[in-house]
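In full-length UniProt numbering, the protein residues as written are 1 to 246.
As structure tokens, the structure follows; a few thoughts come after it.
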């Protein structure tokens, strides 16, 4: 996310181990803030390397902090929070939102770390509120999140990461707890966002959950309530808000 002041914010930056990403850590020129939703390898990603390279703050849960400390990140860079807490970091307000998921991992010494997974609302600019779902399962309080905080944009996990990628990391017979296409579309409607950006995939083409997510939202009429526009990006694409007229 880059705001109008040029501040650069990353959420769950998994770049080096992401075969779809054309952007690697060496390509990054500026990072002002990193947010981490939970400890899973594909979400913590390259946070430690980025934090050390740019000496930037990291906002995360306490269990993520402990993991990052073991990876050599300075404690002074790490700001912890849990559900409901707001922080103002680098001039950007961040609110932690509950995620129905898990955040657990063994550190390098074999210690079991466990904490609160989370989503975020990022107040990127005046009038611009971005909701990031993390890996949450669907839950009805997302309606309340929409009613209270009125996000414009939703970055919504609506699919399971491709199975061959998970199997490469030893995750077999995985049944996703993240939202699928139906659930993600319903969450977007509950949140009342203007734009719902699909997330949690490598390649969108031919992905059944993404196709379903898009179809549900595109076939909704204004008579049924506010229209939510689905957005599907390839890795490396850019979405501009508000969209520029062609």
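Beta carbons are placed, not taken as given, at the ideal position from N, Cα and C, and that holds for glycine.
Predicted model, so just to flag it, every value in this text is computed and none were measured.
Measure from the alpha carbon of residue i to the alpha carbon of each residue in the options, then state which is nearest.
i, options, result
"residue 83", "97, 89, 177 and 76", "97"
"residue 234", "8, 18 and 5", "18"
"residue 138", "177, 215, 109 and 213", "177"
"residue 81", "38, 217, 50 and 214", "38"
"residue 180", "61, 209 and 12", "209"
"residue 11", "92, 89, 120 and 21", "120"
"residue 116", "125, 103, 110 and 108", "103"
"residue 230", "212, 43, 170 and 140", "212"
"residue 194", "78, 50 and 151", "151"
"residue 87", "241, 34, 182 and 240", "34"
"residue 182", "100, 218 and 42", "218"
Mind checking which residues open and close the alpha helix (DSSP H) that includes residue i?
i, result
"residue 146", "142-149"
"residue 67", "62-70"
"residue 44", "41-44"
"residue 214", "208-218"
In the DSSP assignment, find the beta strand (DSSP E) that holds residue i and state where it starts and stops.
i, result
"residue 54", "Looking at the DSSP string, residue 54 is not in any beta strand (DSSP E); the run it does join, the alpha helix (DSSP H), is 47-54."
"residue 195", "195-199"
"residue 231", "229-231"
"residue 34", "33-35"
"residue 11", "9-11"
"residue 78", "78-80"
With which residues is residue i paired in a DSSP beta bridge?
i, result
"residue 93", "88 and 123"
"residue 132", "120 and 155"
"residue 103", "115"
"residue 2", "8"
"residue 58", "34 and 78"
"residue 98", "118"
Which of the three DSSP states is assigned to residue i in this structure?
i, result
"residue 166", "helix"
"residue 73", "coil"
"residue 191", "helix"
"residue 225", "coil"
"residue 182", "helix"
"residue 161", "coil"
Is it right to say residue i is buried, meaning 16 or more other beta carbons lie within 10 angstroms of its own, or is it exposed?
i, result
"residue 226", "exposed"
"residue 57", "buried"
"residue 198", "buried"
"residue 30", "exposed"
"residue 127", "exposed"
"residue 114", "exposed"
"residue 187", "buried"
"residue 27", "exposed"
"residue 221", "exposed"
"residue 4", "exposed"
"residue 22", "exposed"
"residue 85", "exposed"
Would you say residue i faces chain C, with C-beta separation under 7 Å as the test?
i, result
"residue 168", "Going by chain labels, chain C is absent from the structure shown, which holds only one protein chain."
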